[in-house]
Structures are given as C-alpha cells and as structure tokens.
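For the sequence shown, my numbering begins at 275 and goes up steadily by one.
Yeah, the Cβ is synthetic: ideal placement off N, Cα and C, and Gly gets one too.
These numbers were taken from a predicted model, which means no experiment stands behind them.
Working notes, beginning with the structure itself.
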Amino acid sequence: MQLIQLSEEIGDRPFVWRMTRTSSEAIIRNSYLHPRIHIAAYYKENGNQAAAHEIVEQTVSDLRAEAGPPVVMGAALYNLAGVRVAQQKHDEALELLDRGLGMRPDLRAAAVGDPDLAPLKGDPRFIALTSV
C-alpha cells in the first residue's frame, strides 16, 4: 500500500537507475519484482518447488494485470520460462523466453549460463534466442 501511495505522490517522472528510466519502473522493479525473485529462490532452495513456481506465476499474472513496464515484465517472463522448463514444458518456456528477451535483451548472456534453462541448451531455438 505504501508503494502505491509513493507512486501516486511522485508520479511517473524521469529517474534513471540501473536499467530503469522512470520512477514507476524503478519502484516496481526494486520493490515488487526483486523481492519476489528472492522469495521464490528461497522456496526453491528449501525444496518447495510448488511455492517457488506459484510466486513466479503470480508475479507475471500481477504484472500483466497492471500492464507492467517491459523492463520488469521481461525479467518476470524470463523467470517464468525457467519454471516452464522445470515443468517439462519446453515449447512454452521458449515462447516465454522469446518474449522476455525481446523486452530485456541484456538477459541473453545470463540465459546461456542459467542452470534453470540448461535443458534447452541443445535446442536450435534456444541457441538462436541467446545468440548475441
């Protein structure tokens, strides 16, 4: 609730911070997406794959409902691609990765070494998506 109030009070103004370009992007990336990535990682590291996957799924759902900015949505879709790989849904993972990398091309290099995406490495579509 405080994040919404802060966003409403300052409005969407130019604010360059890392890869974000507006105050809204920075708030959503740093205060919503980033903590949820760590929460999902905690669940995964502690053997609760279902909870980890649910956090990632809900994050994408929330961002879609609110028309999340591409800099944030791209990372969320990238993470959801990793979930789909774990669920053996490789075609869907590649579609999500394609959309995510389209919004966040800076993640291409990370995708090549990402253990969550390792089962895709031999797929020509993955190779094409991650070529820089």
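Note that the stretch 377-386 touches the stretch 337-355; at least 3 beta-carbon pairs, one per stretch, sit closer than 8 angstroms. If you look at R295, you'll find it in the beta strand (DSSP E) that goes T294 to T296.
Excluding the 5 residues flanking it on each side, L403 has same chain C-beta neighbours closer than 8 angstroms at L368, L371, D372, L375, R382 and A385, in chain order.
As a beta-bridge residue in DSSP terms, P288 pairs with T296. Membership of N353 in the alpha helix (DSSP H) is indicated by the continuous run P344 to A360.
Within the same chain, Cβ atoms closer than 8 angstroms to the Cβ of A350 are found at L307, V330, T333, V334, L337, G342 and G374, the five residues on either side in sequence being excluded. Comparing alpha carbon positions, the residue from R295, G356 and R303 closest to A392 is G356.
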